[in-house]
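Chains as they are written, first to last, in my numbering: chain F, 352 to 706; chain R, 352 to 706.
Glycine included, C-beta positions come from ideal geometry on N, C-alpha and C.
Quick notes on the structure that follows.
Number of protein chains: 2
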Amino acid sequence: MSNPRLATLVGTGLIGGSIGLALRRAGWAVVGTDRDRERADAAVAHGALDAVGEDPASALTIVATPVGSVAAEARRLLKAGHPVVTDVGSVKAPVVAAVDHPGFVGGHPMAGSEQEGIAAATADLFDGATWVLTPTALTDDQAYATVRAAIVDLGAEVVALDPARHDALVAEVSHVPHLTAATLMRLADDTAEEHRALLRLAAGGFRDMTRVAAGHPGIWPDICGENREAIVDVLDRLIDALGEVRTVVAGNDRDRLLALLDQARAARTSLPARFGRPSELGELRVVVPDRPGALAEVTTLATEIDVNIANLEIAHSSEGDRGVLILVVEAEALGRLHDALVERGFIVSHQQVLE
Amino acid sequence: MSNPRLATLVGTGLIGGSIGLALRRAGWAVVGTDRDRERADAAVAHGALDAVGEDPASALTIVATPVGSVAAEARRLLKAGHPVVTDVGSVKAPVVAAVDHPGFVGGHPMAGSEQEGIAAATADLFDGATWVLTPTALTDDQAYATVRAAIVDLGAEVVALDPARHDALVAEVSHVPHLTAATLMRLADDTAEEHRALLRLAAGGFRDMTRVAAGHPGIWPDICGENREAIVDVLDRLIDALGEVRTVVAGNDRDRLLALLDQARAARTSLPARFGRPSELGELRVVVPDRPGALAEVTTLATEIDVNIANLEIAHSSEGDRGVLILVVEAEALGRLHDALVERGFIVSHQQVLE
């Protein structure tokens, strides 16, 4: 029987350390390891771990190692009896496919820092951040609920996505932007090689755009290797789109230039902020046929239609052939989620606005 | 005879309004106009102008209108008897060539805001910012000294550059980065068109990179028109460089990827900050033959070798055939500037560390 408030953490860098601090702040006991024993000791000293070690009685085990080693670590831990394992890697489809286990739930916190190491870890790194989970047809419902509840404890907002969809999206809003920032910085560096003072012309906009390029490059070969296809696809589209901009500028096509920049402005100003704290909540009970993938379908559907699931519980009927998924969402979104679920063939057994 | 503490300001948007506020803070009287009379009245109400109007007795006249109209405005004002005119446009070579007058000094403050209009204007917008001036062989020395002193009053650091060199550099650290930010934002927008919630995956790095795309597009057709050649050149180099990144990612060339990112990281972390307040100053007196371009040569040379000129004065000899340029620089840079000037054939008549 696992201890519901005990977690094991494998990898105690910036992200792992911050998870340890945030879980302990939320009342969890946390043990953990790092391939570098000194780093694990430092995590204990920093308050991110109660003790060095791995405990299969942990309700949740989090792998916070570089992307390239996640699958092997996760398989090792599941084999050693850890019931529920998640990770924090930037690429999900290859890892989820390689682990291939009901107890594994892929995860990716959309938060970070140009800094690195346990010394930069903070308990509030994930407050209000979006944290992607990638359930699939194989995922065990209770494993998902366990990971989800722990991430809410960390202060983050959970968004469920299909693993491949996640990878395509982060190529676009994270991986390629990062490579582009580094490329812009390199171009300026090449020009200014002998005249560094000229980079004084780099004002706030350029500094903002290239800030991520100051981060440690060590994680990128793994990320680019694992998410190669999606990154190459987005790079191709970016190169095409910049080629279009070149044509527009070379041809002095003022109207087209304005149209391109107007689209970008509208998109940037309406970039969704964090989910607000809903003033009023509603509850929806969905009958879940005991077939693989129902939970993944319901949760990723909510993401696609922009419904934030504030809480999720799974109640199994005594017959065991079906369960009930209890979803707490913003009251305003209750009808929207209801209709979308019914359209997909789910039975909504109960719906109410909570007082 | 001009009034040494009176300025005329033409154009009272965000930049013009901020200049008015900062000049008045420094004790200048400021009159000004805007093609939209209501905006000029608003500038008076906001405290950016003492009164609406243009006064040829102004020691300095600043054109803060969109790039496309600067040259015509500057010529009109010089013809009307304004002795010294400068501007704040993002492109310099075409404007400087079109005005073609000893009393015109091209300028470009490397500061701004995604906001616009007089309401967003602040007196401290330029504090510590880099402000480029583009003297040429035609530039009158006293006109340059007047503009330079006023900009120091605004709180900015003056950097002298050749107009074409300025345009090539800002294409690289401002114009193309801006177009790239807008393009990244558009790509993400195209993908997420029906699923805006997916843009929740856009974390801090992407938000930082695309922030400039939220600015008003209205200024960009002029900028891209005036600086077309340099922008197209940088876009070509960016597209090539991204093509190289694509090849590296597609080929999973980890070493080359690390090398590219390492170069970017080193460049980003050593991006020069603002010039520090020097603890100790030195003075250099340079004999300036009374030939065109000497001042432009001395000041742009200082920029190229990363020497910040803290103060600059021009003393003319009684014979009138030559002058002395008095430069105050950081004591540490005294020898470097001395040697570079001597190498170019200038005579340094005096050099001392100031107490």
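- Under the DSSP assignment, R/ALA661 falls in the beta strand (DSSP E) whose first and last residues are 660 to 667.
- In the structure shown, the three-state DSSP call for R/THR363 is coil.
- Within the stretch 516 to 545 of chain F, LEU520, VAL521, GLU523, VAL524, SER525, PRO528, HIS529, LEU530, THR531, ALA532, ALA533, THR534, LEU535, MET536, ARG537, LEU538, ALA539, ASP540, THR542 place their CB atoms closer than 7 Å to a CB of chain R, listed in sequence order.
- For R/LEU476, the nearest beta carbon of chain F is not closer than 7 Å to its own beta carbon.
- The DSSP-derived three-state label of F/TRP379 is coil.
- Here the stretch 590 to 609 of chain R makes contact with the stretch 527 to 538 of chain F; the two share three or more CB pairs at distances below 8 Å.
- Runs of the alpha helix (DSSP H) spanning 4 or more residues and lying entirely within the stretch 381 to 439 of chain R occur at 388 to 397, 418 to 430, in chain order.
- One Cα belongs to R/VAL456, the other to R/PRO623, and the distance between them is close to 25 Å.
- In this chain, the beta strand (DSSP E) harbouring R/GLU508 covers 508 to 511.
- Residues of the stretch 565 to 594 of chain F with a C-beta less than 8 Å from any C-beta of chain R: ALA565, GLY566, HIS567, PRO568, GLY569, TRP571, PRO572, CYS575, GLY576, ARG579, ILE582, VAL583, VAL585, LEU586, ASP587, ARG588, LEU589, ILE590, ALA592, LEU593, GLY594, listed in chain order.
- Within the DSSP bridge table, the entry for R/TRP482 names R/PRO460, R/VAL509 as partners.
- In this chain, the beta strand (DSSP E) harbouring F/PRO640 covers 632 to 640.
- Only residues of its own chain outside the window of five on either side were considered, and among them ALA410 have a CB closer than 6 Å to the CB of F/PRO355, listed in chain order.
- In the displayed model, F/GLY555 falls within a helix according to three-state DSSP.
- Between F/ALA472 and F/GLY368, the CB-CB gap stays under 7 Å.
- The DSSP-derived three-state label of R/GLU681 is strand.
- Straight-line measurement puts the Cα of F/THR497 at about 19 Å from the Cα of F/ARG636.
- Between R/LEU400 and R/GLY362 a beta carbon distance of about 11 Å is seen, past the 8 Å cut, so the two are scored as non-contacting.
- Of all residues in the stretch 440 to 460 of chain F, none comes within less than 7 Å of chain R when Cβ atoms are compared.
- With contact defined as three or more Cβ pairs closer than 8 Å, the stretch 607 to 617 of chain F and the stretch 441 to 458 of chain F are not in contact.
- In the three-state scheme derived from DSSP, where H, G and I count as helix and E and B as strand, R/SER700 is classed as strand.
- Contact with chain R is found for F/PHE557, since one of that chain's Cβ atoms lies less than 7 Å from the residue's Cβ.
- Under the 7 Å criterion on CB atoms, R/ASP513 is classed as non-interfacial with respect to chain F.
- F/LEU676 is bridged by DSSP to F/VAL637, F/ILE665.
- Using a CB distance cut-off of 7 Å, F/GLN466 does not count as an interface residue toward chain R.
- Between the alpha carbons of R/VAL680 and R/ALA666 lies a distance of about 17 Å.
- Boundaries of the alpha helix (DSSP H) harbouring R/ALA519: 514 to 521, taken from the DSSP string.
- DSSP places F/GLU655 inside the alpha helix (DSSP H), whose first and last residues are 645 to 655.
- Ranking F/ALA522, F/PHE697, F/HIS459 by CA distance to the CA of F/GLY440 puts F/HIS459 first.
- Judged by DSSP in its simplified three-state form, F/PRO623 adopts coil rather than helix or strand.
- Taking a Cβ-Cβ threshold of 9 Å, the residues of chain R close to F/VAL510 are ALA548, LEU549, ARG551, LEU552, in chain order.
- Close to chain F, meaning a Cβ-Cβ distance shorter than 7 Å, are the following residues of the stretch 604 to 637 of chain R: ARG605, LEU608, LEU609, LEU611, LEU612, ASP613, GLN614, ALA615, ARG616, ALA618, ARG619, THR620, LEU622, PRO623.
- The criterion of a C-beta distance shorter than 7 Å is satisfied by R/LEU360 and R/GLY383.
- Taking C-beta atoms as the reference points, F/ARG579 and R/VAL600 count as a pair closer than 7 Å.
- Of all residues in the stretch 469 to 497 of chain R, the ones placed with a Cβ closer than 9 Å to any Cβ belonging to chain F are ALA480, THR481, VAL483, in chain order.
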